[in-house]
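Student: Going by this note's numbering, the first residue of the sequence shown is number 22, and it counts up by one from there.
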Amino acid sequence: DMDDKEGARELLEEVLKEGGTQQQLRAQQLLDSLA
C-alpha cells in the first residue's frame with residue numbers, strides 16, 4: 022500500500038536527520054528497499 026510506504030519513508034527520513042550513525046545506515050537501507 023502506497024500510504025504505508027509514504028509513512029515509513031517519512032519516519033526513516035526523520036531517523037536520517039535525528040538518529041545515530043548505525044540508525045542512519047539502517048534507515049538508508051530501508052529507504053533504498055522502498056524505492
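Each residue gets a CB set at the ideal place from its N, CA and C atoms; glycine is no exception. Given the structure is predicted, the values throughout are model-derived calculations rather than measurements.
What are the boundary residues of the alpha helix (DSSP H) that includes Ala58?
Tutor: This structure cannot speak to residue 58, because the chain is shown only from 22 to 56.
Student: Under 8 Å, do Val36 and Gln43 count as touching if we go by C-beta distance?
Tutor: Not a contact, by the Cβ cut-off of 8 Å.
Student: Which one of Leu33, Glu39 and Gly28 has the shortest CA to CA distance from Arg47?
Tutor: Leu33
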